[in-house]
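Colleague: One structure, as structure tokens, below. Some questions next.
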Amino acid sequence: MVNVHKGVLVECDPAMKQFLLYLDEKMALGKKFILKDLDDTHVFILAEVVQILQERVGELMDQNSFPITQK
């Protein structure tokens, strides 16, 4: 029996990949979404979670950035 999943290849740095693996392990999006861990900078994920994942990554970036204040 063959299982077919529509997926997206994601290229990222190793730190972001660890964040994706963490979200996948904790099932933070409601289910596991990484179909295949390919190498240090590539993962193959379910296409249906791309939008939600982009929002989560955006939230992470907002938490890790500092506002520029004018002097």
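The sequence shown runs 114 to 184 under the working numbering. Using N, Cα and C, we set each Cβ at its ideal position, and we do this for glycine too.
Could you tell me the boundaries of the beta strand (DSSP E) in which residue 157 lies?
Modeller: From DSSP, the beta strand (DSSP E) with residue 157 extends over 155-159.
Colleague: Quick check on DSSP: helix, strand or coil for residue 134?
Modeller: Three-state DSSP puts residue 134 in a helix.
Colleague: With DSSP as the reference, please indicate the residues paired to residue 150 in a beta bridge.
Modeller: Answer is 156.
Colleague: Quick one: what's got a C-beta closer than 7 Å to residue 151's C-beta in the same chain, skipping five residues either side?
Modeller: Cβ within range, chain order: 157.
Colleague: In the structure shown, what three-state DSSP assignment does residue 171 receive?
Modeller: Three-state result, residue 171: helix.
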